[in-house]
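Asks: Dropping a structure here in structure tokens format, bear with me for questions.
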Ligand SMILES: O=C(O)CCCC[C@@H]1SC[C@@H]2NC(=O)N[C@@H]21
């Protein structure tokens, strides 16, 4: 094969790879459905209501972070977004078996709106970590979950408690602090599970983002 032929073949392969990155395959759609179901299943595990507003400690933050860590930004957002949409449409998959648009007027609303965004942010940061690090990857992935948790989940969660729960900023901030210990533990678990999945199935994200 001449140099020109090899260059053309390489260009066409790289175009195909770029195209396959953009378009979701049937496997991608299957993974999105599976992770949406996983988030819903984690919401069925009874939560522990905390404080005057009764926003629960829930396993959902674990599966939301796991969706981002395993699927990356786009598919993570789609999986968790699908979960939220199905709940808003009436499937009883929010904590305590709640559902419907009324949830948007509840003190949990900020957290629920934050979930797909947090999965996307975690997925984006996970891609950066996988591309740029070889050592201490677990620690960097944990940092990624903490950044999206603090900025997006807890940021919007506090806002939701202020708007719908009629708390001032200090009270909402203090109410939200109760969730930190559990969320840190769940983020550690999400990273441990994600690393095992990345090792067993590198095609799901690791080879995809490199
Ligand atoms: O009502 C729902 O379905 C959502 C509940 C949201 C609970 C939030 S998520 C972040 C923080 N960590 C928890 O364990 N609970 C709160």
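Numbering (our numbering), first residue to last: 803 to 1012.
Ideal placement from N, C-alpha and C gives every residue a C-beta, glycine not left out.
#1: In chain order, which beta strand (DSSP E) runs of at least 3 residues are fully inside the stretch 951 to 988?
#2: If you reduce the DSSP assignment to three classes, tell me which class residue 998 lands in.
#3: Does ligand 1 have even one heavy atom less than 7 angstroms from the beta-carbon of residue 981?
#4: So does residue 896 have its beta carbon nearer than 7 angstroms to some heavy atom of ligand 1?
#5: Can you give me the C-alpha to C-alpha distance between residue 900 and residue 922, rounded to a whole angstrom?
#6: Report yes or no: do the stretch 919 to 938 and the stretch 964 to 981 share at least 3 C-beta pairs separated by less than 8 angstroms?
#7: How about residue 966 and residue 894: do their beta carbons lie closer than 8 angstroms?
#8: Among 999, 940, 1004, 884, whose alpha-carbon lies nearest the alpha-carbon of residue 989?
#9: Grouping DSSP H, G and I as helix and E and B as strand, with all else coil, what is residue 859?
#10: Pull up the distance between the alpha-carbon of residue 1007 and that of residue 861, whole angstroms please.
#11: Can you give me the C-alpha to C-alpha distance between residue 842 and residue 1005, rounded to a whole angstrom?
#12: In chain order, which beta strand (DSSP E) runs of at least 3 residues are fully inside the stretch 823 to 895?
#13: Which residues in the same chain have their Cβ closer than 7 angstroms to the Cβ of residue 961, if we skip the five residues on either side of it in sequence?
#14: If I measure Cβ to Cβ from residue 866 and keep anything under 7 angstroms in the same chain, skipping five residues before and after, which residues do I get?
#15: Any heavy atom of ligand 1 closer than 7 angstroms to the Cβ of residue 985?
#16: Can you tell me whether DSSP reads residue 939 as helix, strand or coil?
#17: Step through the CB atoms of chain C and report whether any lies within less than 8 angstroms of the CB of residue 870.
#18: How many whole angstroms separate the CB atoms of residue 884 and residue 838, which I take to be in contact at a CB cut-off of 8 angstroms?
Replies: Quick look at the numbers:
#1: none
#2: Looking at residue 998 - three-state DSSP - the assignment turns out to be helix.
#3: Yes - ligand 1 has a heavy atom lying nearer than 7 angstroms to the Cβ of residue 981.
#4: At least one heavy atom of ligand 1 is nearer than 7 angstroms to the Cβ of residue 896, so yes.
#5: In a straight line, the C-alpha of residue 900 is about 24 angstroms away from that of residue 922.
#6: Touching, no, given that fewer than three Cβ pairs across the two stretches are closer than 8 angstroms.
#7: no
#8: When each option's Cα is compared against that of residue 989, the closest is 940.
#9: In this structure, residue 859 counts as strand in the three-state DSSP scheme.
#10: 23 angstroms
#11: 25 angstroms
#12: 850 to 852, 857 to 859
#13: 912
#14: 841, 882, 917, 920, 921
#15: yes
#16: Residue state, collapsed to three classes: helix.
#17: The structure shown contains no chain C; it is built from a single protein chain.
#18: 4 angstroms
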